[in-house]
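Chains as they are written, first to last, in this note's numbering: chain A, 315 to 705; chain B, -17 to 376.
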């Protein structure tokens, strides 16, 4: 294990020891149902209340605006479908971008099939959305705009504060959903200042447990529930709360927010070194998306000419280096290059992109090792290219 | 009165003096297959195999039928009733119980047919059928009517060492009992065709082992897992299978380096044949099986097949040779390998596929190209054979 170099942290992260402890402790000792009237129930409820306070504080929200879900996918589904259904009498138009995660993109496709008018605001070659176009798209029929904060493939950081203000200026009733799965805990987010009405968060992207998500919902807005049942969480999301998962998420969040800046910078140093190391020593390589310092410090997407990304991925795997070709959730399907295609990247270049994603504990020596292995392996792989030898 | 599964096996009955060998094998295959579902008494009885659940309440009839319908050598399976004594009274009791169930929720037409293996029984088959029909009409009243041409329910009576009554026969997998017809080795790729080819040969009673050529990092561990999953699907019919996994990367790269690009696939397939044959010999196989079908892809044109075929000395069985893709897909769906086959994990080998592969290779020309490999290939093949990984699927 000590030789392992895990650079697939945008897919999922290794939970912190304190997270594992918190989950285990809560599981063993605080097994009460938060809805139960007795002491055991009260204990569990207290854990969740304390956690809500902490999460709310981080994003400038109120504790009662935090809803617990099963993860980023549920948060995105709940916010988008829930808001669209609750406000469908006010208007029929909903807006998103072509570079969203499928748990947003597919929900918009579903709503389109249900009769909503779906608009996609364009993005430039770095993945930034066209604000002018967004402005013209928002009309009095527009009930929702959904934009991701940090893109999972290329690390583009959207100016969400600017977007939030722009939306409300065009139509103060249009709701704003932000998919912050790749940014919460890593970049500061202030929901009130950015005029955000819904914010989706996933615990396992910042060293928390799998199966836990958060959804911030502005308490001034309505949302239809997707899960019906016992009426937990003020009837917004039925189902017994996952107390151990929430306690683990709290532990993770406490750690990442206490060290936010230093973690961000240490990841930026790794990213810079890796990018420079590759671009300088390996010919015919390039960065997909914004420049190194402009995009998120924990995501680096590099194209290697004449190398099939999946082959490179499995080659690196033999050296216990773990990376991603396309988003791991979707790389089993064809068309995982959707994000890159939306940037205008074409042909073989779509198939040559590798995503390296970093964590708080990524070491510089690991980065050096990756550069060294790539330096050895890329020329070997390039001897075997699709369709025959290069002259 | 007891519940019983009657197993019919057509083709076996004509196997003359060897018949008992086939029957015994089928009997033991049935026992092995049902083991995990509960306790069963499995016995032979004059051209039938009878399967009786020891505790009727603990089994699910459809699960057992499903399991039995996958066993090669079985033509039909009926779930019916059995009485220990062979008397007309007993037959009446069984028939009434069976028919009461059949007409529980609707009125039906029926016909009775009787088979009398025990000719000492005092009534002829015809008499049994007639009198039983009359009895049922009287006992069940308006609920049933006789229709000898197109009945809803075909009530069968069989008089053997015991009396049996059943209404419906489910189709069996057909073929010959697994393990009664030698052994062959299947080249299993992870596509749609090869599992179907393996299944077809296994259906004729042939024991089947499989070989898979793995080329990491060009094929992933998930691609390998997919092949293991496919072998498991085929083993649902055969009971077990040994999957031999050959690491093919070095050989593949060497071919790429030293041979003309448009011939890569043919040369690769020829070497796969050599290696498969060596593995086949080691595991006691007498033939190879492939999923090839004439003209399906460049490497399966008549010319290509001739070149590939020449690389093997054992007979190569190609049960799909005259099938269209759609026909193969239909079987794949029926035997439940299709969904696994279409998982997209094997893309990476496309690196080794030429843009314009040779479709009319000549053997002499291919052999000439292969001479570039002469000095190293024997050693490389030997290494691949020595280092084969065997996954035992049970």
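The beta carbon of each residue, even a glycine, is placed where N, CA and C say it ideally should be.
These figures come from a predicted structure and were not determined experimentally.
{"Item": "In DSSP terms, what residue 588/A is bridged to", "Value": "In the DSSP output, where bridge partners are listed per residue, residue 588/A has none listed."}
{"Item": "9 Å Cβ cut-off: residues of chain B touching residue 631/A", "Value": "198, 199, 202, 203"}
{"Item": "Chain A within 8 Å of residue 212/B, Cβ atoms only", "Value": "no"}
{"Item": "Per DSSP, cross-strand counterpart(s) of residue 600/A", "Value": "617/A"}
{"Item": "Contacting positions in the region 606 to 635 of chain A - beta carbon closer than 9 Å to chain B", "Value": "622, 624, 625, 626, 627, 628, 629, 630, 631, 632"}
{"Item": "Whole-angstrom distance between residue 125/B and residue 110/B, CA atom to CA atom", "Value": "21 Å"}
{"Item": "Inter-stretch contact at 8 Å, needing at least 3 Cβ pairs: the region 361 to 372 of chain A / the region 581 to 598 of chain A", "Value": "no"}
{"Item": "Candidates 513/A, 537/A, 523/A: closest to residue 529/A by CA position", "Value": "513/A"}
{"Item": "Pair within 8 Å by beta-carbon distance, residue 73/B and residue 139/B", "Value": "yes"}
{"Item": "Own chain, CB closer than 7 Å to residue 370/B, minus 5 neighbours either side, in chain order", "Value": "226, 227, 228, 261"}
{"Item": "Residue 148/B - DSSP class collapsed to helix/strand/coil", "Value": "strand"}
{"Item": "N-terminal and C-terminal residue of the beta strand (DSSP E) that residue 531/A is part of", "Value": "527 to 531"}
{"Item": "Whole-number beta carbon distance between residue 197/B and residue 245/B, since they are thought to touch under 8 Å", "Value": "About 18 Å; that fails the 8 Å criterion."}
{"Item": "Three-state secondary structure (DSSP) of residue 403/A", "Value": "coil"}
{"Item": "Three-state class that DSSP yields for residue 96/B in the structure shown", "Value": "strand"}
{"Item": "Residue 281/B - DSSP class collapsed to helix/strand/coil", "Value": "helix"}
{"Item": "Residue 286/B versus residue 626/A - alpha carbon distance", "Value": "32 Å"}
{"Item": "Integer Cβ distance of residue 213/B from residue 256/B, believed to fall under 8 Å", "Value": "With 8 Å as the limit, residue 213/B and residue 256/B do not qualify as a contact, their Cβ atoms being about 22 Å apart."}
{"Item": "Residue ranges of each beta strand (DSSP E) within the region 322 to 384 of chain A, 3 or longer", "Value": "380 to 383"}
{"Item": "Whole-Å CB distance - residue 659/A paired with residue 504/A, under 8 Å assumed", "Value": "At roughly 33 Å, the Cβ-Cβ gap does not stay under 8 Å, so residue 659/A and residue 504/A are not in contact."}
{"Item": "Rounded separation between residue 172/B and residue 36/B - CA only", "Value": "40 Å"}
{"Item": "Residue range of the unbroken alpha helix (DSSP H) whose run includes residue 570/A", "Value": "557 to 572"}
{"Item": "Close beta carbons around residue 254/B, own chain, < 7 Å, minus the five adjacent residues each side", "Value": "169, 195"}
{"Item": "Same chain, Cβ closer than 7 Å to residue 305/B, neighbours up to 5 away in sequence not counted", "Value": "275"}
{"Item": "Residue from 284/B, 217/B, 114/B with nearest C-alpha to residue 248/B", "Value": "284/B"}
{"Item": "For residue 79/B and residue 133/B, the rounded distance between their alpha carbons", "Value": "18 Å"}
{"Item": "Bounding residues of the beta strand (DSSP E) (the contiguous stretch that carries residue 229/B)", "Value": "223 to 229"}
{"Item": "Contact set for residue 494/A: own chain, Cβ-Cβ below 7 Å, skip 5 residues either direction", "Value": "463, 503, 513, 514, 515"}
{"Item": "Neighbourhood of residue 277/B by C-beta, 8 Å cutoff - its chain only, sequence neighbours within 5 removed", "Value": "283, 284"}
{"Item": "Boundaries of the beta strand (DSSP E) in which residue 62/B is found, first to last residue", "Value": "58 to 65"}
{"Item": "Entirely enclosed beta strand (DSSP E) segments - the region 119 to 148 of chain B, minimum 3 residues", "Value": "126 to 128, 135 to 141"}
{"Item": "Coarse secondary structure for residue 431/A, derived from DSSP in three states", "Value": "strand"}
{"Item": "Residue 379/A versus 614/A, 694/A, 510/A, 523/A, residue with shortest Cα-Cα distance", "Value": "510/A"}
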